[in-house]
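Visitor:
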Ligand SMILES: NC(=O)c1ccc[n+]([C@@H]2O[C@H](COP(=O)([O-])OP(=O)(O)OC[C@H]3O[C@@H](n4cnc5c(N)ncnc54)[C@H](OP(=O)(O)O)[C@@H]3O)[C@@H](O)[C@H]2O)c1
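In this note's numbering, the protein residues as written are 240 to 575.
(1) Would DSSP call residue 451 helix, strand or coil?
(2) Following the continuous beta strand (DSSP E) through residue 291, name the residue where it begins and the one where it ends.
(3) Am I right that residue 475 and residue 371 are in contact with their C-beta atoms under 8 Å? What's the rounded C-beta distance?
(4) Is it right to say residue 531 is buried, meaning 16 or more other beta carbons lie within 10 angstroms of its own, or is it exposed?
(5) Run through DSSP, which three-state label would residue 498 get?
(6) Quick check on residue 267: does DSSP put it in helix, strand or coil?
(7) Give the straight-line distance between the Cα atoms of residue 339 and residue 525, rounded to the nearest whole angstrom.
(8) Across which residues does DSSP place residue 344 in a beta bridge pair?
(9) So, with DSSP's three-state summary, where would you put residue 387?
(10) Does any heavy atom of ligand 1 sit closer than 7 Å to the C-beta of residue 316?
(11) Could you work out which residue in 385, 463 and 407 is closest to residue 422 when comparing CA atoms only?
(12) Thinking C-alpha only, which one of 489, 446 and 277 is nearest residue 259?
(13) Which whole runs of the alpha helix (DSSP H) in the segment 473 to 537 are 4 residues long or more, in chain order?
(14) I want to check one thing, is the minimum distance from the CB of residue 388 to the heavy atoms of ligand 1 below 7 Å?
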């Protein structure tokens, strides 16, 4: 049990943008569990990193900061952003940046990314699963899975499985070689209803009003998976793969791009006044991805720079086991 499991209250999470801001402010100023950001002199030379959804928002800031510290960065993004790689190179002053194409709402495309990583033949030291979205209403991908279910959870589940199977991620107890996997989740996972395993993977119709509930549910899937993966990969005393997750707090990004037109001016004002710039929101991601302060640790969850614990539902081993088994069946057609 890590330190955060034994002390420190957990805030309530959030159901909407206002409670998100309140939780964020309370966790920003709480004196409990605040971790130091990665030091200015900490380098990642020689490390190879994969960041999903790296063409904009938080993902782009993560890619820039990892490249600035010397890592080779693969930006796994949808098509249509040819300029993003050049932007990251320019902003980081590094040319060790490459773009890989993937649509994470399409399991075939996620599998093709895995084939590409295998063909490249480089070990990935750090994988950051950041891509995310908040659709205005339910939509389905090519395999009929709901988009947030696939992008936030199922595609990550497949890619991690394949990376381990293909020796793209190689577990190691050597601190110099030990890989790290970081999932960008959300405090919203706390406000989700329990996962209904009878309808697991079956798309549910939702609109603007209940979209936040579905977002929360997809992030509960992700946090539950992160907890289970951290256990499955580290059965002995020593950590072989560090698996962490976090909520970056409110980020001024394009996550609300599908909000109705009438709501956009309000959201934009809230973003401008209270939401963090992606550069700042990237700090906990950088710490979990490469910071010496968490070296050798496993299963850390952060809300911004505060270490917390995931919700009881996400920590429940029965939920974790069931999610693991059910999702194994769903990814099976996309394994070799
Ligand atoms: N913004 C917040 O306040 C906040 C709070 C808590 C957690 N988060 C989490 O932080 C992460 C980053 O979000 P953000 O705020 O930076 O939002 P953003 O600016 O909208 O960026 C989201 C990224 O995900 C990518 N993406 C979406 N669907 C994809 C797909 N099907 N295939 C591949 N990539 C896809 C987007 O690519 P395109 O540009 O091609 O769509 C974009 O690069 C998300 O996981 C989000 O849930 C955000």
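Heads up, the beta-carbon is just placed ideally off N, CA and C, and yes, glycines get one too.
All of these numbers come straight from a predicted model, not from anything done at the bench.
Guide: On the basis of the supplied data:
(1) helix
(2) 287 to 291
(3) Not confirmed; about 33 Å, so no contact.
(4) exposed
(5) coil
(6) helix
(7) The straight-line gap from Cα to Cα measures roughly 21 Å.
(8) The partner list for residue 344 (beta bridge, DSSP) is empty, contrary to what the question assumes.
(9) helix
(10) yes
(11) 463
(12) 489
(13) 503 to 513, 517 to 520 and 522 to 529
(14) no
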